[in-house]
Amino acid sequence: MVRLSRTRQRFIIRGIVQGVGFRPFAYRTARNCGLAGFVRNDGNGVTLEIEGRREDLQRFHEALKDHAPPLARITAIETEELLTDGGTGFRIVTTGRDGTATTLISPDVSLCADCRAELLDPANQRYRYPFINCTNCGPRFTIVSAIPYDRPNTSMAVFPMCTDCAAEYNDPDDRRFHAQPNACQACGPSLTLVTSDGIKVESGDPITETIRLLGEGKILAVRGLGGFHLVVDAHNDNAVRELRKRKGRGQKPFALMAPDTDTVERYCKLESEERVALEQPTRPIVLLRAKPDSGLAPSVAPGNRYLGFMLPYAPLHELLLDSSFPALVMTSGNLSEEPIAIGNAEALDRLGPLADYLLLHDREILQRCDDSIVRVAAGKERMIRRARGYVPMPVFLPSATTRNILATGAELKNTIGLTREDHVFLSQHIGDLDNPAALAFFQHTVGHLGSILQIEPELIAHDLHPEYLSTKWAMEQAGLPRIAVQHHHAHLAAVMAENGVTGPCIGLILDGTGYGTDGTVWGGEILTGDFAGFQRHAWLETVPMPGGSAAIREPWRMALSWLRAAFGDEALALPLPVRERFGDGELLFQAMDQGVNAPLTSSCGRLFDAVSSILDLRHEISFEAQAAIELEMSATDVPGGEAAPYELSVPSGAGPVPVTPLIQAVVRDTLAGVDTGMVAARFHASLAKLLAETVMSVAREAGIDIVGLSGGVFQNQLFFNEVLTRLRETGLQVLTHSLLPAGDGCIALGQAVVASEQSK
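715 is the number that full-length UniProt numbering gives to position 715 of the sequence shown; each next residue is one higher, with no gaps.
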C-alpha cells in the first residue's frame, strides 16, 4: 500500500476577516477538502495551519480567494511551509494575541435577508427580537473595545449566551457559528420605553407602544447602532415642525427612513444607481430628487427639492416600519451641530428636553457613529458623510507611509486619520470643532481608534491655520514631531491618494475656506504638485469678506462685495432685491477698503453664496451651503444644454482668474428680466467652462495631463457634472472622490500622505 505524501502549510490572512464568518467558512472548507489543522483569530487577522495532500491544499487556497464570505475583504494571504505532524481533524482554537495587531475591523452591517425573515416569522424563536444578528450582519465597529474581534472584546461580553444560543455559536454548520453578538430574548439585550423624565412606561411591548406614540404625533428618541435618532411620523407636519423647533434645526432637511425602495419611489425619482446605493449592506442615506406633492410633511425639507432617504439597517427599524409608517423622520439624536448621543443616561440628559419618550436598550455603544450620506453623480456613488457602514475600513495607499502618523483633519466636518504601513484608517464623521462637546468627541476618537487598531502615533499632521482647535490640540501633544499641511494641498493629496496616483497632478480645489500660505482665505484654487509640495498657479479673483465670518451666515454680504468689485460704488444703486439688505453700504465699503474685519478671499463657495443672493434666492442661511444648494436647485429647472455659458476670457499665465465679468453678466441678465433659473444655470455653465479652460492652460504650461477635483463645491451635482464633462472632453485624466467626501472629510487622508512624504 502506497501512502500519499502529506504537506502542512500556515496561512496568514489579512483584511476584514474577523466578525464576518471567516473562521466557520475556513472550518467547512477545510473539512470538505479533507484537511487537518486549525484556524484562529489573532492580531494579524486569521491564521490557519492545514495539513493534507498538496492538491487538497491547493483546492483550499483557491476556495479562500474565490468563495470567501460576502462581508470579508482579503487584502493579503501569506503562506509558509511547515513540518507535518500527522494530526487529524480540523478545529477552531482559542484566539491568539501575539505580536502587533494588523487586522482590519469590520464596519457595522445592515440586517441580512435571513435574519429579516426570522425576525418576521411568528414560528421563529427570534420573532420580533430587535437584536437579531448572525455572522453576515449586525453591529461590529460600534461595539468593539479591542481586537481580536471576540465576544469578550465587545459590549456583548456582559450577556452570557443561553444554552440554545451557545449551541448555535458552537455549531460549524450554523449561520451563527462564532457570531460574536449572538443573542435571543432569553439571554440578550432588551428594550425599555421611558418618559422624558426617565420613568419607565409599563406596557406589554415597548415597540408596539412606541408605534402607538409615533402615531399620536409624539417625538421619540430611539437608541440604535451608533447612537440615538430623534423619530417622528414623516407625514405629521405638526410633529415635524415641533421637532425642528426643539432641535434648533432651522430649515436644514431631515433624514428619512422607508421600509423599501418601492416606498422610497413614491416620494422620489430613482435612477438604477440610486436604487443600488439604497439597498447595499452599508445602508447610507441617499440624496434623491423629490417628487412634487409626495404627501410628506412640508416641514421635512422646507424649500428643498432633494430628500435624504435610507432603508432600515437594524432589526428595530424593521419593526418600527413594519406596516406602520410609510416613512419616518430619523434625524441624529442631538441638538444641531452637537455629537450624537449614545448612552442612556446621556440621552436622558441631552435628549430629554427634545423628546417626549425615549426607547432605550442595554447593549452599550462604545463608539458613536452617525449615518453615512451619499449621492449619485456622473453615474457613480459619491460620499458626502462617511461614517456607519464604512468606518473603519482603510484607504489603501500606493506605498507604505514612513511612520505611524496621526492626521488631525480639518476644523469643519472633521475626521481624523491614523496610518499603518500602506493603510490610512479614517474615523467616522466627527463634525465641526466649534464647541466643547465636539472637541471631546475628537479627543475620544483619537484615543479609541488608536487603541482598537493598536497604532501608536509617531508624527502628527495638522492644518496650517494656527487658531484651529485641531491645530492647537496638535501643538499641545508634547514629544511628538508635527508637520503643518496647507488645507488645499491636503485636498489635492487626498484625491491623488484615493485614486492611487503619486503625482505630479493639477488640483482644481474649490471650497468655502482654507488658510492660505499668504494669510488670506483661499477656496478657488488651481494648484500643481504632489505629496511633497505644491505650487499655486491660479485662483479666483479675490474680494473682501465684509464682516468676516458673518459673510458665511449672511450671503448678502458677499453679494455686496462682488457687486462692488464688478460695478464699483454704483453697486449700491443697482435695482436688485438684495439692495434692501445693504443698509449703509458706504460704511461697509470703508471697512472693506481699510481691511477692517474684511479678509480677502478667493473662495468659490462664497462666490456661489453671492450669486444666490444677487438672484434673490437666499440672503441668510440656517445651515451650511444653503444658499449654494438653492442656487443649484434653481438651475436644475432648466433642461440640459439650454443654458449657454457667457462669453468670458480665459487668463494666460499664472495669477487671478477674473470673475467680475461673470458677475456683470449675471446682473445684466437679471435686470433684463431673464428667468432666475436660466441665469443660475448660465452661471453654473460659465464658471465650469472658465475653470476648465484655465485648467487646460495650466496643463499646457506645466506639462501635466492629470487633474484632481476636490473641495466641498464639488458636492454640487450640476456643477460637478459640468466641470467633469468639460475636462474629460479635453483628454485629461480626471481624478474624483468616491470613497471619501470631496469636502473636508477627506482632509485627514491628504494630511497623512503629505506628512509621510515630507518627513522622509
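Ideal Cβ placement from N, Cα and C applies to all residues, glycine included.
Take the alpha-carbon of R581 and the one of W556: they are about 7 Å apart.
A direct Cα-Cα distance of roughly 44 Å separates V707 from L48. Nearest C-alpha to K252 among E118, V329 and S759: V329. The three-state secondary structure of V659, taken from DSSP, is coil. Under the rule that a run must span 4 or more residues, the alpha helix (DSSP H) segments found entirely inside the segment 382 to 459 read 436 to 453. Straight-line measurement puts the Cα of P292 at about 9 Å from the Cα of C268.
Assigned with DSSP and collapsed to three states, V754 falls in helix. Within its own chain, the residues whose Cβ lies closer than 6 Å to the Cβ of G188, once the five positions on either side in sequence are excluded, are F131 and F159, listed in chain order. DSSP links C112 through a beta bridge to no other residue. The alpha-carbon separation between F441 and L230 amounts to approximately 20 Å. Taking all protein chains shown into account, L358 has 16 or more neighbouring C-beta atoms within 10 Å of its C-beta and is therefore buried. A straight line joining the alpha-carbon of N344 with that of T208 spans about 20 Å. For D56, the enclosing alpha helix (DSSP H) covers residues R54 to D66. For K252, the three-state secondary structure derived from DSSP is coil. One thing to note: E722 has its Cβ within 7 Å of the Cβ of A688. Nearest in C-alpha terms to G512, of all of Q664, H491 and L418, is H491.
For the options G198, T142 and L57, the alpha carbon positioned closest to that of P181 is the one of T142. Minimum Cα-Cα distance from A654 among the listed residues Y646, R564, A644 and R536 corresponds to R536. Straight across, the Cα-Cα distance linking P302 with L615 is about 19 Å. Relative to the Cα of S294, the nearest Cα in the group I285, L311, L321 and R266 belongs to R266. Here T103 is not near Q9, since their CB atoms are 7 Å or more apart. Excluding residues up to 5 positions away in sequence, P253 lie with their Cβ nearer than 6 Å to the Cβ of N304 in the same chain. Apart from sequence neighbours up to five positions away, the residues of its chain that approach Q626 with a beta-carbon distance below 8 Å are Q251, K252 and R618, ordered along the chain. Within a 10 Å sphere around the beta-carbon of Q594 sit fewer than 16 other beta-carbons, which makes this residue exposed.
For secondary structure counted as the alpha helix (DSSP H) over 4 or more consecutive residues, the UniProt domain "Acylphosphatase-like" (8 to 94) holds these complete runs in sequence order: 22 to 32 and 54 to 66. By the beta-carbon neighbour count (other beta carbons within 10 angstroms, threshold 16), T84 is exposed.
Exclusion of the five residues before and after L193 leaves K200, V201, S203, P206, E209, T210, Y357, L358, L359 and L360 as the residues of its chain whose Cβ lies within less than 8 Å of its Cβ. Judged by DSSP secondary structure, T263 falls within the alpha helix (DSSP H) whose first and last residues are T261 to Y267. Straight-line spacing of the CA atoms in A565 and S649 works out to 17 Å. Bounds of the alpha helix (DSSP H) holding Y169 are T163 to Y169. Of the candidates H489, S602, C137 and E364, the residue whose Cα lies closest to the Cα of N153 is E364. A residue is called buried when at least 16 other Cβ atoms come within 10 angstroms of its Cβ; Q58 does not meet this threshold and is exposed. Between the C-alpha atoms of S602 and P544 there is a straight-line separation of about 9 Å. A straight line joining the alpha-carbon of I460 with that of G409 spans about 10 Å. In this structure, I285 lies near D371, with their beta-carbon atoms less than 7 Å apart. Note that the segment 393 to 401 does not touch the segment 256 to 264; fewer than 3 beta-carbon pairs, one per stretch, sit closer than 8 Å.
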